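K.L.:
First the structure, which I've put down as structure tokens, then a few questions once you've had a look.
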Amino acid sequence: MRLHRLDITAFGPFGDTQSIDFDALSAAGLFLLHGPTGAGKTSVLDAVCYALYGAVPGARQSGQGLTLRSDHAPPGTRTEVRLDLTVAGRRLEITRQPPWARPKKRGTGTTTDKAQSWLREYDTTAAAWKDLSRSHQEIGEEITQLLGMSREQFCQVVLLPQGDFARFLRADAEARGKLLGRLFDTRRFADVEKRLAELRRAAEADVRDGDAALLADAHRMQQAAGDGMPPPELSPGDAGLAEAVLTWAALARTTARERLTIATCAHTAAEAASSTARRALDEARELAALQRRFADARECAARLHEHAGAHEQDRARMERARKAELVAPALGLRESAEREHAHAARAEADARAALPAPLAGLDASGLAAASRRTAEERGGLESARRAEDRLTALLAEQRELDREDLADDAELRDAESWLADWETVREELQNRIDAAQEAATRAEQLAVQREPARARLGAARLRDRLARDTEEAAVRALASRERAAHAHEDWLALKEQRLRGIAAELAAGLAPGEPCAVCGATDHPAPARKDAGHVDRETEERALAEYRRADGERAEDERRHAAAREALAAAGVEAGDAPVTELAALAEEVERRYAQARDAASALHPAQEELRRAGQEHERRDAARQRAALRAAARVSRRDGLERERAALRQEVDRAAGTAGSVAARAAQLDREVERLTRAAEAARVADDTAQRLKTADARLADAAFRAGFDTPSEAAAALLGDDAHRALQRRLDARQQEEAAVRAVLAEPETAAAARRPAADVGSAERAAEQAGRRLQQAASARDAAARRCAELDRLSAHATTAVRRLAPLRDTYDRVARLAALTAGTSADNERKMRLESYVLAARLEQVAAAATVRLGRMSSGRYTLVHSDDRSGRGRSGLGLHVVDAWTGRERDTATLSGGETFFASLALALGLADVVTDEAGGVRLDTLFIDEGFGSLDDQTLDEVLDVLDSLRERDRSVGIVSHVPDLRRRVHAQLEVLKDRTGSRVRHRGL
364 MRLHRLDITA FGPFGDTQSI DFDALSAAGL FLLHGPTGAG KTSVLDAVCY
414 ALYGAVPGAR QSGQGLTLRS DHAPPGTRTE VRLDLTVAGR RLEITRQPPW
464 ARPKKRGTGT TTDKAQSWLR EYDTTAAAWK DLSRSHQEIG EEITQLLGMS
514 REQFCQVVLL PQGDFARFLR ADAEARGKLL GRLFDTRRFA DVEKRLAELR
564 RAAEADVRDG DAALLADAHR MQQAAGDGMP PPELSPGDAG LAEAVLTWAA
614 LARTTARERL TIATCAHTAA EAASSTARRA LDEARELAAL QRRFADAREC
664 AARLHEHAGA HEQDRARMER ARKAELVAPA LGLRESAERE HAHAARAEAD
714 ARAALPAPLA GLDASGLAAA SRRTAEERGG LESARRAEDR LTALLAEQRE
764 LDREDLADDA ELRDAESWLA DWETVREELQ NRIDAAQEAA TRAEQLAVQR
814 EPARARLGAA RLRDRLARDT EEAAVRALAS RERAAHAHED WLALKEQRLR
864 GIAAELAAGL APGEPCAVCG ATDHPAPARK DAGHVDRETE ERALAEYRRA
914 DGERAEDERR HAAAREALAA AGVEAGDAPV TELAALAEEV ERRYAQARDA
964 ASALHPAQEE LRRAGQEHER RDAARQRAAL RAAARVSRRD GLERERAALR
1014 QEVDRAAGTA GSVAARAAQL DREVERLTRA AEAARVADDT AQRLKTADAR
1064 LADAAFRAGF DTPSEAAAAL LGDDAHRALQ RRLDARQQEE AAVRAVLAEP
1114 ETAAAARRPA ADVGSAERAA EQAGRRLQQA ASARDAAARR CAELDRLSAH
1164 ATTAVRRLAP LRDTYDRVAR LAALTAGTSA DNERKMRLES YVLAARLEQV
1214 AAAATVRLGR MSSGRYTLVH SDDRSGRGRS GLGLHVVDAW TGRERDTATL
1264 SGGETFFASL ALALGLADVV TDEAGGVRLD TLFIDEGFGS LDDQTLDEVL
1314 DVLDSLRERD RSVGIVSHVP DLRRRVHAQL EVLKDRTGSR VRHRGL
């Protein structure tokens, strides 16, 4: 990486634009960056870092964003840093602008613009710059990829900071580890340590979970075994846990099987005893049942003999009932005919009661004839009914005509009332339109006057402001002329003083045997010598430059003064001599009158629209009045026709209605009369038919009773039984017959008779013996089932434990392997002899490379006295492998770097920084760093050591590098010719190239 040019605008202490030509400074290989304290030397390095990474070095990161802006910059100048460099063979230009609180374009105050970035690349083929990106993220990624370094690495390798490496030399292993970890990015090795530790904890948790599950199975097996044999007393994670659990499980299964065999034998014996007791109980119960059966049969036979008379009566009653059942159909037919005749007679009486007296005595045929006559009269009323309906419609139409008369009268009155005020309304609206048109004309005239009044007011305000600016410019021009005059006088005085001592300046260039540039003599017996107040060429040139700068400021201030006077004269021509207050009042009056006229003119369109709507309403109302008059005339003729038709219809309806009041009432009266007559005729016919059927049923009943053996039908009816009585009597007869047969069968059984002759059976004793045998069998079965369940549960749990042990074996192997690796990388393993963590081991290797690279330059700086060596020893409780010692060749002893003196610490840290730059460069992919900066520390060196250090830095040119030294040491200004000087004054800092 080689820097070519840096442009800084309004950044840090630099108020305006400053340009730094690194190509010119790097031509000498070694250049000096110096200036007073606080002038901005470090700000130049900050600008380089900000251009590359968009941020300043770590110690000054709080100065981001808005605080990077220079307090000396004019309000309208934006902060910007532009860097031209070559990296990885590509010529790039990076421009960055931090956030900027600029003045608002309108109004007062400020507004913040976002940060901006540009990346361009020089195309050698087209000989022009081409844009690559304007994205902060893309530019940052591109630069980081090309340099191969983060911002922290760049600040340590390219911008060697004040005192950082001196602190690195004196730091403990922990602090060195943090710095080296940032530079070499060894976080991946620390991540490996963390990842292995996490894997170890996860594997350990899996193993412990598996062991806990195995112990849980053991406890469940103990509960299933049901005895006091405890499981192995081990904890999750203990060695041999799986084997101990499986051995204990095998012993528990063997014990359970032995107990199952014993319980099975006991159950077989109890089962045989229970079978014998149950057989004895069955025999006793069977004997008792036979004895009870014989006794019950003897008792039943005695009871049947006692009730023999009642049984004969029931049998005779059943015989008469069977004969009466032959007469039952005739009885039912006669009862049905009697009921129908009684119902028909009641219906006939009810129908005749509803008829008038002359009609009530007619027979069935007479009633039918009267009904036909009445129906014919009802049919003749249809024409009168239609006339009555039409009469009702005529009345409704007349009422509608009356309603229309009322509505048209109201509409006619409303229209005439509105039309009476029409002329007054039209005249008022026309007056409003005329007034609004006059106001619109005034508004147009005042609008023409507004702009000149505003322009004159603005010109007057500009005139007053320019007057103040002209006065200030005159004061500045006068001060600039005075400063230029003083600077001119100082320059002339210094020039004259130099001319007086020019002989001494020429004598400084004389050499023995060389001719004098003035007289040509080769002998110089008494060359002039410089006095204490001698002025050299550099002093005169500075005075001349100061005069030229002051004269330039004078010319610029006078130009600005002249421009201000011209602007003031132009503004005075337009504004005149009137004061701003008078012009402002005039403009305000014009605005007020214009606003009033515009408000009045705004009523023109509403008034015109209202007049248009009023005209439309006038036309509508007049038309409505005419239509109402026409409708009224039409209704008069229609009303006369309706009245004539209504009179004719009324005569026809009155004739048809008679005394009923209306045709509909008369029709309803006739309908009811026809219905009564028809119902009475039908009821008379049905009564005659039922009377005939009743006579026929009486004759058939008498004949059936005689045939069944009864003297009268009443005797047959009395012998007849109902369904319930018949079924009850039959059940009694059947039950008596079945009971007699059952008693005879039981008394004839030989087994029952033999059992009756034996002693009474003792069932209670047999039941108690069977119950005791059953309880013993149940207890034996429960014991056998419990033993079987215990064996099955132990087999199941043992199989589950065996499967768990097989599944746990790979997890335990994984845990052993991961735990061994985690302990090794964490430095806690016995195999790690130096107890070094993996990250420390990698950093120790990098530190060893840095120490070797630094020793090459340290030997030259210390005239071969000191050598930096890396130490793997562990100091106290700190890291192992990050020790750094110095070997003193004068004493031959190795000691800690903290024992070096101030000057020795500086050149040792400088050598370490240069070595670190080489190693980090190689680590970053071999990106060549052609420009380095070293910040301070040279003041602690004596002259000889300073020469040796400068020789080492100067030797970097052999690798085509350029080194910039940032220092206050005055002696370096004599030793280093290429210089970049940073000057400061009240207006901000500026840079100046010297010795180029």
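Per the numbering used here, the very first residue in the sequence shown carries number 364; after that it's consecutive. C-beta: ideal position from N, C-alpha, C; glycine also. Note that the coordinates shown come from a computational prediction; the quantities given were computed from them, not determined experimentally.
Residues in its own chain within less than 6 Å of G1190 by CB, not counting five upstream and five downstream?
P.N.:
Excluding sequence neighbours, G1190 sits near K1198, M1199 and R1200.
K.L.:
Just checking, does the stretch 681-689 make contact with the stretch 1079-1096 on the three C-beta pairs under 8 Å criterion?
P.N.:
Counting Cβ pairs under 8 Å, three or more are found: they touch.
K.L.:
Among the candidates A995, A727, W854 and R1063, whose CA atom is the shortest distance from the CA of A1050?
P.N.:
Per the Cα distances, A727.
K.L.:
So, using beta-carbon positions, are A941 and A803 closer together than 8 Å?
P.N.:
Taking 8 Å as the Cβ cut-off, A941 and A803 do not qualify as a contacting pair.
K.L.:
What residue range does the alpha helix (DSSP H) around V1232 cover?
P.N.:
Note, V1232: premise wrong, no alpha helix (DSSP H); beta strand (DSSP E) at Y1229 to S1234.
K.L.:
At the level of alpha carbons, what is the spacing between L1277 and R1209?
P.N.:
Rounded to whole angstroms, L1277 to R1209 spans 14 Å at the Cα level.
K.L.:
Just to confirm before moving on: does the CB-CB distance between L1346 and G452 stay below 8 Å?
P.N.:
No, the pair does not count as a contact, with Cβ atoms beyond the cut-off.
K.L.:
Can you pull the DSSP bridge partners for H1248?
P.N.:
Answer is V1232 and D1259.
K.L.:
Taking all protein chains shown into account, do 16 or more other C-beta atoms lie within 10 angstroms of the C-beta of I625, making it buried, or fewer, making it exposed?
P.N.:
With fewer than 16 other Cβ atoms within 10 Å, it is exposed.
K.L.:
Less than 8 Å between the C-beta atoms of S1203 and L1245, yes or no?
P.N.:
Taking 8 Å as the Cβ cut-off, S1203 and L1245 qualify as a contacting pair.
K.L.:
Give a yes or no on contact between the stretch 786-796 and the stretch 896-914, applying the rule of three or more CB pairs nearer than 8 Å.
P.N.:
Contact fails: fewer than three Cβ-Cβ distances are below 8 Å.
K.L.:
Which residues in the same chain have their Cβ closer than 8 Å to the Cβ of R648, if we skip the five residues on either side of it in sequence?
P.N.:
A1124, V1126 and A1129, listed in sequence order.
K.L.:
Are at least three pairs of beta-carbons, each pair with one atom in the stretch 840-852 and one in the stretch 952-966, less than 8 Å apart?
P.N.:
Verdict: no, contact absent.
K.L.:
Within 10 angstroms of its Cβ, does G724 collect 16 or more other Cβ (buried), or is it exposed?
P.N.:
It is exposed - the Cβ of G724 has fewer than 16 other Cβ atoms within 10 Å.
K.L.:
Return the chain-ordered ranges of every alpha helix (DSSP H) run that is complete within the stretch 601-682 and spans a minimum of 4 residues.
P.N.:
Counting only runs of 4 or more, we get 604-669.
K.L.:
Helix, strand or coil for T1165 per DSSP?
P.N.:
Helix at T1165.
K.L.:
In the DSSP assignment, what are the bridge partners of A1341?
P.N.:
In DSSP, A1341 forms a bridge with F394.
K.L.:
Leaving out five residues on either side along the sequence, give the residues of the same chain with a beta carbon under 7 Å from the beta carbon of G978.
P.N.:
Contacts found: none.
K.L.:
Around the C-beta of G1327, are 16 or more other C-beta atoms found within 10 angstroms, so that it is buried, or is it exposed?
P.N.:
It counts as buried.
K.L.:
Examine the Cβ distances between the stretch 365-376 and the stretch 436-452 and report whether three or more of them are shorter than 8 Å.
P.N.:
Because the criterion of three Cβ pairs below 8 Å is met, the stretch 365-376 and the stretch 436-452 touch.
K.L.:
For K404, which residues in the same chain have their Cβ closer than 6 Å to its Cβ, ignoring the five residues on either side in sequence?
P.N.:
Result list for K404: L396, G398, V1329 and V1345, in chain order.
K.L.:
Suppose you measure from the CA of V1213 to the CA of V1205; what does that come to, to the nearest Å?
P.N.:
Cα to Cα, V1213 sits roughly 13 Å from V1205.
K.L.:
What does S1352 pair with, by DSSP beta-bridge criteria?
P.N.:
DSSP output for S1352 lists K1347 as bridge partner(s).
K.L.:
Quick one: any contact between the stretch 480-498 and the stretch 383-391, if contact means 3 or more CB pairs under 8 Å?
P.N.:
Touching, no, given that fewer than three Cβ pairs across the two stretches are closer than 8 Å.
K.L.:
Could you pull the start and end residues of the alpha helix (DSSP H) that E1361 belongs to?
P.N.:
The requested residue 1361 is not part of the displayed model; the chain covers only 364 to 1359.
K.L.:
Since L1157 and A619 should fall inside the 8 Å C-beta cutoff, what is the C-beta to C-beta distance between them, to a whole number of angstroms?
P.N.:
So it is a contact: roughly 5 Å between Cβ atoms.
K.L.:
In the DSSP assignment, what are the bridge partners of F1073?
P.N.:
Per DSSP, none; premise fails for F1073.
K.L.:
Taking just the CA atoms, how far does L495 sit from G417?
P.N.:
If you take the alpha carbons of G417 and L495, they lie about 17 Å apart.
K.L.:
Roughly how many angstroms separate the alpha carbons of D827 and A927, rounded to a whole number?
P.N.:
If I take the Cα positions, the gap works out to 12 Å.
K.L.:
Go through the stretch 1056-1103 residue by residue and report every complete run of the beta strand (DSSP E) that reaches 3 residues or more, in order.
P.N.:
List check, beta strand (DSSP E) in window: nothing returned.
K.L.:
Look at the alpha carbon of T380 and the alpha carbon of A478, and state the distance between them as a whole number of angstroms.
P.N.:
Their backbone Cα atoms lie some 19 Å apart in a straight line.
K.L.:
For G1327, which three-state DSSP category applies?
P.N.:
Here G1327 sits in strand by DSSP.
K.L.:
What ranges does the beta strand (DSSP E) occupy inside the stretch 469-517, keeping only unbroken runs of at least 3 residues that lie completely in it?
P.N.:
List check, beta strand (DSSP E) in window: 473-476, 479-486 and 491-496.
K.L.:
Contact between the stretch 769-778 and the stretch 982-1000: three or more CB pairs below 8 Å?
P.N.:
Output reads yes: the stretch 982-1000 touches the stretch 769-778.
K.L.:
So, does the stretch 1161-1174 touch the stretch 562-579, judging by three or more C-beta pairs under 8 Å?
P.N.:
Counting Cβ pairs under 8 Å, three or more are found: they touch.
K.L.:
Return yes when the Cβ of R715 is within less than 8 Å of the Cβ of A1043, no when it is not.
P.N.:
Contact flag set, yes.
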